[in-house]
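Participant: Residue numbers (the numbering used here): -1 to 330. Idealized CB from N, CA, C, for every residue including glycine. A quick note: this is a predicted structure, and the numbers were derived from the prediction, not measured.
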Amino acid sequence: RPRVLSGIQPTADSYHLGNFLGAVKQWVALQDEHESFYFIADLHSLTVEHDPKLLRERTYVAAAQLLAAGVDPARSAIFVQSHLPEHAELGWVMQCITGFGEARRMTQFKDKSAKGGEGASSVGLFAYPMLMAADILLYRPAYVPVGEDQRQHLELSRDLAQRFNHRFKKTFRVPEPYILKETAKIYDLQEPTVKMSKSASSPNGIINLLDDPKVTAKKIRSAVTDSETDVRFDVEHKPGISNLLGIYSALTGTSIDDIVAKYVGRGYGDFKGELADVVVDFVTPFREKTLALLDDKAELDRILAEGAATARTVASATLADAYERLGLVRPT
Ligand code: TYM
């Protein structure tokens, strides 16, 4: 079975619909036919200022949400990044083979450091993509399911794998991105030309999976559309409606053409109202499951420990290979 690996940060009180449709939904779908490794990237969350108490809580909330979404510990290794020191260790190696200019070209760093300027950003934020490369390469996965915003980081991972293999000895597999066109980028409901994002979206532009479903329904019904009336997929001229069509399609498994056909001659109000029902039908049980899972943190700890043990067998072997090839003398 081909191997897949992906990670998600525990940076918010709730995942949003972009995280789910862009990434986690694929994690769930891939776990049957693949050997899968999914982790909570808590070390990545240290790259910006954070509250330790919140981080601890959000790590559990993250684990509970992954399980509620259908990531199954019987079929996938679910773990916390910091439980495996190998990630930080190989991260250092990745930093040492990355060029300064190469790292500076990462658009996410440019975006995230734009506010305070480069000088106000941590070195960790700069080194973030190299840690991500280590996360991936340790598991030698065939595919990495992510949203479009991670594509450039994945390209860097591929470059670093090739560079290491070429300079030392073939050690890493060059991973392929697994990015589904239809859900690669879910947009802000209020500003449908920019991606839905925990840091940049206005409260009304973002669907948080753990919000009160009533609030969520209202946000869908008041999503920004355009001055026409026909429900049609046209990203350039109708970005709002197209985004909603994408969400509808992904949550119901109905093709966009079939949805468009269903709403011929009916207005945006009908369409948005029914999409609100679709989203509520999804988030209501999701939220209940997440809250129930959070009631038993000992069980979450157990699942995460089991996942870490599985991950460790793979990660420690790869790190040992890499250290060996770098010429580091291993302890006897
Ligand atoms: P993060 O935590 O920001 O996001 C988790 C996943 O959600 C996707 N995503 C979206 N997809 C579609 N539309 C959106 N609006 C949207 N917003 C977010 C992201 O693309 C991502 O797949 N650096 C990563 C975490 C990470 C990782 C890794 C991923 C660390 N190490 C190794 C893969 C492999 C991040 O911050 O994702």
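(1) Any C-beta of chain B sitting closer than 8 Å to the C-beta of aspartate 293?
(2) Suppose the cutoff is 8 Å on Cβ atoms and the five residues either side in sequence are ignored; what does the same chain contact list for lysine 183 look like?
(3) So which of Lys23, Asp30, Asp299 and Lys110 has the shortest CA-CA distance to serine 195?
(4) Tell me the DSSP secondary structure of phenylalanine 18 in three-state form.
(5) Between the C-alpha atoms of alanine 140 and proline 0, what's the straight-line distance to the nearest angstrom?
(6) Whole angstroms are fine: how far does the CA of aspartate 133 sit from the CA of aspartate 279?
(7) For aspartate 30, does the count of other Cβ atoms within 10 angstroms reach 16, so buried, or fall short, so exposed?
(8) Please work out which residues of its chain come closer than 7 Å, Cβ to Cβ, to proline 175, disregarding the five sequence neighbours upstream and downstream, and give them in chain order.
(9) May I ask you to report which of helix, strand or coil DSSP gives proline 50?
(10) Counting only the same chain and skipping the five closest in sequence on each side, list residues whose C-beta sits under 6 Å from that of serine 74.
(11) Is the beta carbon of methionine 92 within less than 7 Å of some heavy atom of the ligand TYM?
(12) When the distance is taken between beta carbons, is leucine 273 closer than 8 Å to isoleucine 301?
(13) So which of Val327, Phe284, Ala296 and Asp294 has the shortest CA-CA distance to valine 69?
(14) Can you check which of these residues, Lys168, Ala86 and Asp186, is closest to arginine 323 by C-alpha distance?
(15) Is it buried or exposed for valine 262, if we count other Cβ within 10 angstroms and need 16 for buried?
(16) Which full runs of the beta strand (DSSP E) of 3+ residues lie inside the segment 34 to 105, going along the chain?
(17) Does alanine 386 pass the burial test, meaning 16 or more other C-beta atoms within 10 Å, or should it be called exposed?
(18) What first and last residue would you give for the beta strand (DSSP E) that runs through glycine 5?
(19) By how many angstroms is the C-alpha of aspartate 232 removed from the C-alpha of leucine 358?
(20) Is there at least one non-hydrogen atom of the ligand TYM closer than 7 Å to the beta-carbon of histidine 151?
(21) Report all residues from its chain with a CB closer than 7 Å to the CB of alanine 66; omit the five preceding and five following residues, and keep chain order.
(22) Quick one: complete alpha helix (DSSP H) runs, 4+ long, within the segment 266 to 319?
(23) With DSSP as the reference, label lysine 193 as helix, strand or coil.
(24) Which of the three DSSP states, helix, strand or coil, is assigned to valine 142?
(25) Below 8 Å between beta carbons: does that hold for glutamate 84 and serine 225?
(26) Among residues of its own chain, excluding the 5 on either side of proline 190, which ones have a beta-carbon nearer than 7 Å to its beta-carbon?
(27) Run through the segment 212 to 256 for me and flag every whole alpha helix (DSSP H) of 4 or more residues, listed as ranges in chain order.
(28) Apart from the five residues on each side of it in sequence, which residues of its chain come closer than 6 Å, Cβ to Cβ, to arginine 138?
(29) Could you tell me which residues DSSP pairs with glutamate 174 in its beta bridges?
(30) Taking 7 Å as the line, does the beta carbon of leucine 19 fall inside it for any heavy atom of the ligand TYM?
(31) In the DSSP assignment, what are the bridge partners of asparagine 206?
(32) Comparing C-alpha positions only, which one of Thr96, Gln79, Ala112 and Leu249 sits nearest to isoleucine 6?
(33) Using the rule of at least 16 other Cβ atoms within 10 Å of the residue's Cβ for burial, across every protein chain shown, is tryptophan 90 buried or exposed?
Facilitator: Inspection of the coordinates gives the following:
(1) The structure shown has no chain B; it contains just one protein chain.
(2) Around lysine 183, the same chain offers Gly16, Gly20, Gly145, Glu146, Asp147 and Lys193 as residues with beta carbons nearer than 8 Å, after the five sequence neighbours per side are excluded.
(3) That would be Lys110, whose Cα lies nearest to the Cα of serine 195.
(4) Looking at phenylalanine 18 - three-state DSSP - the assignment turns out to be helix.
(5) In a straight line, the C-alpha of alanine 140 is about 6 Å away from that of proline 0.
(6) In a straight line, the C-alpha of aspartate 279 is about 34 Å away from that of aspartate 133.
(7) The residue in question, aspartate 30, is exposed, as its Cβ has fewer than 16 Cβ neighbours within 10 Å.
(8) For proline 175, where only same-chain residues beyond five positions count, the Cβ hits under 7 Å are Val142, Val144, Arg149 and Leu152.
(9) Helix.
(10) Around serine 74: Gln29, Ser34 and Tyr36.
(11) For the ligand TYM, no non-hydrogen atom lies closer than 7 Å to the CB of methionine 92.
(12) Against a cut-off of 8 Å, the Cβ pair of leucine 273 and isoleucine 301 comes out as no contact.
(13) Of the listed residues, the one whose Cα sits closest to valine 69 is Phe284.
(14) Nearest of Lys168, Ala86 and Asp186 to arginine 323, Cα basis: Lys168.
(15) By the 10 Å Cβ count, valine 262 comes out exposed.
(16) List check, beta strand (DSSP E) in window: 74 to 78.
(17) In the structure displayed, the chain extends from -1 to 330; residue 386 sits before or after that span and is not available.
(18) Per DSSP, glycine 5 is one residue of the beta strand (DSSP E) stretching across 1 to 6.
(19) A question about residue 358 goes unanswered here, because the residues of the chain that appear run from -1 up to 330.
(20) Yes, the ligand TYM has a heavy atom inside 7 Å of this Cβ.
(21) Closer than 7 Å at the Cβ level, and outside the excluded window around alanine 66, lie Phe284, Lys287, Thr288 and Leu291.
(22) Annotation note: the segment 266 to 319 contains the following uninterrupted alpha helix (DSSP H) runs of length 4 or greater, listed N- to C-terminal: 266 to 292.
(23) Here lysine 193 sits in strand by DSSP.
(24) Strand, per DSSP.
(25) The answer is no: Cβ separation not under 8 Å.
(26) Excluding its 5 nearest sequence neighbours in each direction, proline 190 has C-beta neighbours in its own chain below 7 Å: Val222, Pro237, Gly238 and Asn241, listed in chain order.
(27) DSSP runs (the alpha helix (DSSP H)) wholly in the segment 212 to 256: 237 to 250.
(28) The residues are Arg171.
(29) Answer by DSSP bridge pairing, in chain order: Tyr141.
(30) Result yes, Cβ under 7 Å from the ligand TYM.
(31) According to DSSP, which records beta bridges pairwise, asparagine 206 is partnered with His14.
(32) Relative to the Cα of isoleucine 6, the nearest Cα in the group Thr96, Gln79, Ala112 and Leu249 belongs to Gln79.
(33) Under a 10 Å Cβ-count criterion, tryptophan 90 is classified as exposed, with fewer than 16 other Cβ atoms of the shown protein chains found around its own Cβ.
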